Amino acid sequence: MKKIHLLTLSLGGLALLTFASCSPRLKSKAVTMTAQDSVAYSFGVLNSEAFQRVVSSIPGDSLSREQILAGFSDAFLQRKGKISSSQARSIFETYASSLQQKEQAKRTAEADSLLAKNRQREGVKVTESGLQYRVLKATLDARPTPQDTVVVNYVGRLLDGKEFDSSYKRGEPAVFPLSQVIAGWTEGICLMTKGSKYEFLIPAGLAYGDRGAGGVIPPGAPLLFEVELIDIKPHQEAPSLEETKSTSPTSAKSTPTKKGRAKRKK
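Now the structure itself:
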């Protein structure tokens, strides 16, 4: 759904441009038009088409175009209308918010149904967090920790089958620090062993939640991944201050060159 403020700006921005061609109070007159009149009339026709596209894009049930144009006309001509500007904004924001809530409830119900159906598939296991996974290829090798970096090949899809990301298509594996990915990935990859291949169904709460991502992943969308764990790069702790001092080349106790000179004197 389009953001409410963008929608209202679109309507407001077109208001000045479309009044002449849209207002029911203005009637066409069968008069000879000058060249300048023709330009003005054409301008109205073209912008009327744009305005109609904006009106048709308003979400929810169809709204009365007659009432849209009546409110538009009163506001444009600065007449006292049935509803003030501040009231109109509040009414429309409430309307848009209710539609968003209905859409979110619908998406959540659909996602819950699909998650419940998937967990009944043979071989699917479910963790306490709700992450669903299935082992496609098992190995007996090391497992990564949440602090490690991993090298993986993967493909990500929405539940309708639409692919939104793939390292295979890019032609090279991806490298991810597990501390910097979505929670479902961190948990899921840590279940894998090097060389294994898993399928994950990640609930929205362990992915991008109600915000979605980049216009590609809708709000509230569970994500389906196939992941192959190619390699593990263990996390290396940064040396402490004391360790840094003890191994510093400026330390007389540990400087290799000084030890070498002492041996040559013997």
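Those letters in the sequence shown? Residues 5 to 270, by this note's numbering.
By construction, the Cβ of each residue, glycine as well, lies at the ideal position given by its N, Cα and C atoms.
No experiment lies behind these values; they were computed from the predicted model shown.
Helix, strand or coil at residue i according to DSSP, with G and I counted as helix
i           : result
residue 114 : helix
residue 235 : strand
residue 75  : helix
residue 197 : coil
residue 121 : helix
residue 173 : helix
residue 137 : strand
residue 99  : helix
residue 107 : helix
residue 83  : coil
residue 43  : helix
residue 182 : helix
residue 153 : strand
residue 2   : As displayed, the chain neither begins before 5 nor continues past 270, which places residue 2 out of reach and without an answer.
residue 335 : Since the first residue shown for the chain is 5 and the last is 270, residue 335 is missing from the structure and cannot be characterised.
residue 299 : As shown, the chain starts at 5 and ends at 270. That puts residue 299 outside it, with no answer to give.
residue 282 : Because the chain here runs from 5 to 270, residue 282 falls outside it and cannot be looked at.
Near the ligand PLP: residue i beta-carbon under 8 Å from a heavy atom
i           : result
residue 234 : Among the ligands in the structure shown, none appear at all, so the ligand PLP cannot be discussed.
Reference residue i; option with closest CA among the options
i           : options           : result
residue 231 : 55, 204, 185      : 204
residue 155 : 218, 122, 189     : 189
residue 239 : 220, 151, 172     : 151
residue 112 : 208, 79, 137, 37  : 208
residue 195 : 50, 145, 49       : 145
residue 100 : 131, 109, 62, 129 : 62
residue 114 : 235, 54, 236, 222 : 222
residue 138 : 206, 45, 48       : 206
residue 135 : 202, 177, 78, 77  : 202
Alpha-carbon spacing of residue i relative to residue j, whole angstroms
i           : j           : result
residue 90  : residue 214 : 29 Å
residue 158 : residue 57  : 40 Å
residue 107 : residue 119 : 18 Å
residue 149 : residue 182 : 8 Å
residue 95  : residue 41  : 38 Å
residue 92  : residue 98  : 10 Å
residue 193 : residue 133 : 14 Å
residue 218 : residue 123 : 28 Å
residue 117 : residue 110 : 11 Å
residue 121 : residue 175 : 33 Å
residue 59  : residue 69  : 8 Å
residue 102 : residue 82  : 29 Å
residue 191 : residue 104 : 31 Å
residue 184 : residue 48  : 52 Å
residue 72  : residue 220 : 32 Å
residue 141 : residue 126 : 15 Å
residue 165 : residue 66  : 30 Å
residue 131 : residue 170 : 25 Å
residue 36  : residue 52  : 22 Å
Residues near residue i in its chain [Cβ-Cβ closer than 8 Å; skip 5 each side]
i           : result
residue 161 : 167, 168, 227, 228, 229
residue 75  : 85, 86, 87, 92
Cβ separation of residue i and residue j, assumed to be a contact under 8 Å, to the nearest whole Å
i           : j           : result
residue 198 : residue 143 : 7 Å
residue 233 : residue 200 : 6 Å
residue 186 : residue 225 : Incorrect: roughly 12 Å between the Cβ atoms, too far for contact.
Other residues of its chain near residue i: CB distance less than 6 Å, five sequence neighbours each side excluded
i           : result
residue 179 : 155
Close beta carbons around residue i, own chain, < 7 Å, minus the five adjacent residues each side
i           : result
residue 172 : 157, 159
residue 236 : 146, 148, 152, 154, 198
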